[in-house]
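First up is the structure itself, then whatever we jot down about it.
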């Protein structure tokens, strides 16, 4: 699918026994940070994986947990390493009100089956020990990036020294729709998973009655309240939320949400199986099914779409200077559709998204604030349709069956270098 990086589960040794809620196969029940989880493989296996990725010019991002260690039922702190004393942990309190900052950062996640002992990450020794560990992990296995689990449950002040010790890119899981809160961690870590946009994104594209206005308002609010959203991780599925296919069976809506994920601001993240339209609710036993259950169909429509978008992103970056660092702007909006302009003037890309759905007919979108001069020739790359901006500066784009559209200058021939499928002058009717 033309990706240049993969994100893998935590690699450290996990809780070994089976619990009332299953095994630690997901990787978030750490017990020993200095050993690898034997069920996942050996040191040689991990190094071989990284070497294979390097041979394909790909990077590896490893998930890490700094908020807690895991124990079945009542905790025996002697089973943990290196945090093997009760003094390294907050006294137990239930996560009764996650909206309260003290509760969120001091109380324990988990349940009666698996307790997640909350580390005193404000403690100097705990911070220094984490910094030493992450430096060694990155060095020993040539890791390129980190995804930090449950970052919102750790005070933002913890992360600058931790990320500095790692010396690589890191993004944090900050599961909240409040961008002002989330962006505190965005500044301290440098990147977060973009949950503030995720929630209205799903609501906007789960059906034709979705709320486009709230999504557009959130995109604009993120630009105003966050330092740099282009470094955030943009996603529409992951292992903690419902699969999009569980919300709608509409193929055009699925394509729109993929195009947003890949073309909007941020670093796009695709969850394995999303390209196969795997189903599953937000329950962790439902949305983490192995990929082999869905098969490895390289002819699946979303597989091919993602491959095309990755190839297009790489080509666009060679044609539009600092494209990925340039913040997008909403230039059109109605009750069912909106358009994003991204890139410097003269090399901008327009992404048009709609929630009309697969059963809709043709939809004409008329754009004026696109930035292309009158007479400009542009291409819609998903259909390889040629368009021309009319002499009044109007660009008319026709969408079919609720599918999205992506517009770029016609001079960028790489993706649509074959025979044109359709040529349409742009004019109002």
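In UniProt numbering, the protein residues as written are 1 to 429.
The beta-carbon is built from N, C-alpha and C at its ideal position, and this holds for glycine as well.
Proximal residues to residue i (C-beta, below 7 Å), its chain only, five neighbours per side dropped
i           : result
residue 130 : 66 and 162
residue 118 : 67, 68, 89, 90, 106, 107 and 108
residue 372 : 378, 389 and 395
residue 393 : 368 and 374
residue 305 : 255 and 258
residue 356 : 208, 336, 363 and 402
residue 97  : 103
residue 78  : 84
Per-residue DSSP class, three states only, for residue i
i           : result
residue 260 : helix
residue 341 : strand
residue 30  : strand
residue 82  : coil
residue 332 : strand
residue 377 : strand
residue 183 : helix
residue 370 : coil
residue 412 : coil
residue 222 : helix
residue 200 : helix
residue 14  : strand
residue 3   : coil
residue 396 : strand
residue 8   : strand
residue 322 : coil
residue 382 : coil
residue 364 : strand
residue 24  : coil
residue 233 : strand
residue 19  : strand
residue 421 : Summary for residue 421: the model assigns pLDDT 44, below 50, so the residue's position carries little reliability; its value from the coordinates is reported in the next sentence. Looking at residue 421 - three-state DSSP - the assignment turns out to be coil, as it is neither helix nor strand.
residue 227 : coil
residue 50  : helix
residue 389 : coil
residue 354 : strand
Beta-carbon separation (whole angstroms), residue i vs residue j, contact threshold 8 Å
i           : j           : result
residue 153 : residue 104 : 6 Å
residue 194 : residue 234 : 5 Å
residue 302 : residue 258 : 6 Å
residue 222 : residue 196 : 6 Å
residue 358 : residue 401 : 5 Å
residue 186 : residue 226 : 6 Å
residue 167 : residue 138 : 7 Å
residue 171 : residue 192 : 6 Å
residue 406 : residue 382 : 6 Å
residue 150 : residue 173 : 6 Å
Residues near residue i by beta carbon distance below 6 Å, same chain, minus five either side
i           : result
residue 12  : 30 and 33
residue 247 : 206
residue 19  : 72, 113 and 114
residue 7   : 61 and 147
Burial state of residue i (16 or more Cβ within 10 Å)
i           : result
residue 436 : No statement about residue 436 is possible, as the shown extent of the chain runs from 1 to 429 and does not include it.
residue 224 : exposed
residue 93  : exposed
residue 274 : buried
residue 35  : exposed
residue 404 : buried
residue 347 : buried
residue 338 : buried
residue 362 : exposed
residue 201 : buried
residue 370 : buried
residue 74  : exposed
residue 160 : exposed
residue 218 : buried
residue 44  : exposed
residue 345 : exposed
residue 158 : buried
residue 100 : exposed
residue 292 : exposed
residue 327 : exposed
residue 132 : exposed
residue 51  : exposed
residue 86  : exposed
Any chain B beta carbon closer than 8 Å to residue i
i           : result
residue 127 : Looking for chain B here will not work: only one protein chain is present.
Nonlocal neighbours in the same chain, by C-beta distance under 8 Å from residue i, ignoring five residues either side
i           : result
residue 254 : 244, 245, 248, 277 and 302
residue 283 : none
residue 212 : 204, 333, 334, 335, 336, 337, 338 and 355
Residue i: CB within 7 Å of a non-hydrogen atom of the ligand SAH
i          : result
residue 88 : The ligand SAH is not part of this structure, which contains no ligands at all.
Check: Which ranges does the beta strand (DSSP E) cover as unbroken runs of at least 3 residues, wholly within the region 246–291, from first to last along the chain?
Finding: 267–269
Margin query: Just to confirm the assignment: which complete beta strand (DSSP E) runs, minimum length 3, are found wholly within the region 62–144?
Written below: 68–72 and 114–118
Notebook entry, point to check: In the region 144–176, which residue ranges form an unbroken beta strand (DSSP E) of at least 3 residues, counting only runs that do not cross its ends?
Noted result: 145–149 and 169–172
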